[in-house]
Amino acid sequence: DTGVSQNPRHKITKRGQNVTFRCDPISEHNRLYWYRQTLGQGPEFLTYFQNEAQLEKSRLLSDRFSAERPKGSFSTLEIQRTEQGDSAMYLCASSLAAEYSANYGYTFGSGTRLTVV
Amino acid sequence: AQKVTQAQTEISVVEKEDVTLDCVYETRDTTYYLFWYKQPPSGELVFLIRRNSFDEQNEISGRYSWNFQKSTSSFNFTITASQVVDSAVYFCALSEGYNFNKFYFGSGTKLNVKP
Numbered sequence: 001d002t003g004v005s006q007n008p009r010h011k012i013t014k015r016g017q018n019v020t021f022r023c024d025p026i027s028e029h030n031r032l033y034w035y036r037q038t039l040g041q042g043p044e045f046l047t048y049f050q051n052e053a054q055l056e057k058s059r060l061l062s063d064r065f066s067a068e069r070p071k072g073s074f075s076t077l078e079i080q081r082t083e084q085g086d087s088a089m090y091l092c093a094s095s096l097a098a099e100y101s102a103n104y105g106y107t108f109g110s111g112t113r114l115t116v117v
Numbered sequence: 118a119q120k121v122t123q124a125q126t127e128i129s130v131v132e133k134e135d136v137t138l139d140c141v142y143e144t145r146d147t148t149y150y151l152f153w154y155k156q157p158p159s160g161e162l163v164f165l166i167r168r169n170s171f172d173e174q175n176e177i178s179g180r181y182s183w184n185f186q187k188s189t190s191s192f193n194f195t196i197t198a199s200q201v202v203d204s205a206v207y208f209c210a211l212s213e214g215y216n217f218n219k220f221y222f223g224s225g226t227k228l229n230v231k232p
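Same order as they appear, the protein sequences are chains Y and E.
Using our numbering, the letters of the first sequence map in sequence onto residues 1 to 117.
Using our numbering, the letters of the second sequence map in sequence onto residues 118 to 232.
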């Protein structure tokens, strides 16, 4: 297993366009998380899936943001009508059940860097 | 209110020096977990160490050690005999309860280790 994979690594888009990012977690991990990291800051929680169910969403996740994990495997994060404030690194992470997280935390991907011009 | 505070924005040391990264956290939960992650320029956050709220015993793992003190809500991380490859941004993170639904990260400390 090669870890958590995120595509694309970089995305430049014009303001107002829609973008979609993909995350492929470690295959046996049933939990998947999305975080956003702006320059000089730590990651901020966006949303969390257990299998295909989206169990928690941050208030940071406005109506323009939607995340899916249709078959409990890969996940997509879509941003509609992008704004310059959406420019950030979007990180995906995965883990097993709580006991795994207690010992190993999450496994993060390398992120998708979004630049809105 | 910020749940995790890393007051040191950037630290520079010379190779082989010891360096301590500070972390102060805030939570009302009695059960919580604290983590340190390393973020090299490639961007991927790498898990380093973790500690739960019930175990205040400090530990050493190779060149890493940590000092967890509930009385001061601090979870400091020390790298002994630093190396150039340790240069990265280090994040302290808090997970409340036992669900691990979300982590609260500090703003990070950038460590520069010079040869």
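Yeah, the Cβ is synthetic: ideal placement off N, Cα and C, and Gly gets one too.
Source: prediction; values computed, not measured.
Is the separation between the beta-carbon of Thr13(Y) and that of Thr76(Y) shorter than 8 Å? no
Residues in its own chain within less than 8 Å of Thr115(Y) by CB, not counting five upstream and five downstream? His10, Lys11, Ile12, Thr13, Ser87
For Ala98(Y), decide whether its Cβ has a neighbour in chain E, counting only Cβ atoms nearer than 8 Å. yes
Under 8 Å (Cβ pairs) to chain E, residues found in the segment 85-116 of chain Y: Met89, Leu91, Ala93, Ser95, Ala98, Ser101, Ala102, Asn103, Tyr104, Gly105, Tyr106, Thr107, Phe108, Gly109, Ser110, Gly111, Arg113
What's the call for Gln123(E), buried or exposed, on a 16-neighbour Cβ count within 10 Å? buried
Chain E residues whose Cβ lies nearer than 7 Å to that of Pro25(Y): Going along chain E, no residue has its Cβ under 7 Å from Pro25(Y), so there is no contact; the nearest lies around 14 Å.
Taking DSSP as the reference, what is the three-state secondary structure of Gln84(Y)? helix
Flag this pair as touching only if the segment 219-231 of chain E and the segment 126-144 of chain E have three or more C-beta atom pairs under 8 Å; answer yes or no. yes
If we define contact as Cβ-Cβ less than 8 Å, is Glu56(Y) a contact residue for chain E? yes
Span of the alpha helix (DSSP H) holding Glu99(Y)? 98-104
Does the beta-carbon distance from Arg18(Y) to Glu78(Y) come in below 8 Å? Checking the displayed sequence, the identity of residue 18(Y) turns out to be Asn instead of Arg. Contact: yes.
Skipping 5 residues on each side, what residues in its chain have a beta carbon closer than 6 Å to that of Asp146(E)? Glu213, Gly214
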